[in-house]
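Numbering (the working numbering), first residue to last: 280 to 474.
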Amino acid sequence: GAFAILQSIAVSDSSLEEIDLKDVSVDMDFVDLLEQIQKRRHLVCVYGNTLRHDETKKGNVARVLDTDDPVTVLFEYMKQKNLRLIDLLHNLDRDHSYTITRDEFQQGLANIDLPLSGRSLDILMKKLDTNRDGYVDYEELSARHKEHMRKVTKLRLQADLGPNHYKGYDKLEQLREAVRLKISLNMTRQRTETS
């Protein structure tokens, strides 16, 4: 992808001076390599979101998701696992209080192999805990889920208008793919542990 393009530029004598990757998300490895290249030669590079990962990695896959939209990650997991909101609440609610604390989110998401970084957990709580009492209850979860579904529908309708309107939907698809990857890696790991 984008990193491979940058690697080829780094080792070539190309006179290329500008790269437009504005719709491409990159990671910190890409940014670091770009900075190294820019110290040696003139290169202007425009790119999309910078995906951050916690330092903990397993192979080439980040074990902890660090995203600016953890609400989408949560609801996409729910959708891909065919869970209802109440099922999600019960799965994460350790003390059966019908509310979820930040710690319960952290532990519950780690248990389903969808761990979020501390920063993403803070964003998740800020977006879900609308009354700021430190707990997310079913009503707050339900309201955010409805809002999320409206947002997804709006992005899908905008994407249908043409490629110029696809950017927001593309980010959604990237998060969906990250959740799918986490689920499939977890299933593969479970199969190898049982055999």
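Ideal Cβ positions, reconstructed from N, Cα and C, are used throughout, including at glycine.
The structure displayed is predicted, hence computed values, not measured ones.
Near residue i, what residues of its chain come up, given a Cβ to Cβ distance below 7 Å and the 5 sequence neighbours on each side ignored?
| i | result |
| --- | --- |
| Glu-334 | Any reading at Glu-334 needs caution, since the residue's pLDDT is 38, under 50, leaving its predicted position unreliable; the model's value is listed next. Around Glu-334: no qualifying Cβ. |
| His-424 | Phe-354, Leu-364 |
Can you list, in chain order, the residues of its chain whose CB lies under 6 Å from that of residue i, leaving out five sequence neighbours each side?
| i | result |
| --- | --- |
| Asp-372 | Ile-379 |
| Ile-402 | Pro-349 |
| Ile-316 | Ala-289, Leu-322 |
Have a look at the options and flag the residue whose alpha-carbon is nearest the alpha-carbon of residue i.
| i | options | result |
| --- | --- | --- |
| Phe-354 | Leu-344, Leu-367, Thr-346 | Leu-367 |
| Leu-451 | Asp-302, Leu-388, Arg-381 | Asp-302 |
| Ser-399 | Leu-440, Glu-314, Asp-308, Thr-346 | Thr-346 |
| Ser-376 | Asp-311, Gln-386, Glu-314, Val-415 | Val-415 |
| Asp-299 | Leu-362, Ala-281, His-427 | Ala-281 |
| Asp-294 | Gly-413, Arg-319, Leu-312, Arg-411 | Here residue 294 turns out to be Ser, not Asp, going by the sequence shown. Checking every option, the nearest Cα to that of Ser-294 belongs to Arg-319. |
Indicate whether residue i and residue j have their beta-carbon atoms separated by less than 8 Å.
| i | j | result |
| --- | --- | --- |
| Lys-406 | Val-350 | yes |
| Val-352 | Leu-364 | no |
| Met-357 | Arg-381 | no |
| Ile-462 | Gln-359 | yes |
| Gly-327 | Val-310 | no |
Could you give the first and the last residue of the continuous alpha helix (DSSP H) run that contains residue i?
| i | result |
| --- | --- |
| Val-290 | 281-290 |
| Thr-380 | That residue, Thr-380, is in no alpha helix (DSSP H); it is neither H nor E in DSSP. |
Which residue marks the beginning of the beta strand (DSSP E) containing residue i, and which one marks its end?
| i | result |
| --- | --- |
| Glu-296 | No beta strand (DSSP E) contains Glu-296, which DSSP labels as neither H nor E. |
| Val-323 | 323-326 |
For residue i, which residues of its own chain have a beta-carbon under 8 Å away from its beta-carbon, when the five flanking residues on both sides are left out?
| i | result |
| --- | --- |
| His-321 | Glu-296 |
| Ala-457 | Leu-344, Thr-346, Val-352 |
Return helix, strand or coil for residue i, following the three-state DSSP convention.
| i | result |
| --- | --- |
| Lys-336 | For Lys-336, the pLDDT reaches just 43, beneath the cut-off of 50, and the residue's location in the model is therefore unreliable, although a value from the coordinates is still provided. Of the three classes helix, strand and coil, the one that applies to Lys-336 here is strand, per DSSP. |
| Ala-457 | helix |
| Thr-432 | helix |
| Asp-416 | strand |
| Val-350 | helix |
| Val-310 | helix |
Nearest chain B C-beta to residue i closer than 8 Å, yes or no?
| i | result |
| --- | --- |
| Gln-315 | As a matter of chain content, chain B is missing from the structure shown, which is built from one protein chain. |
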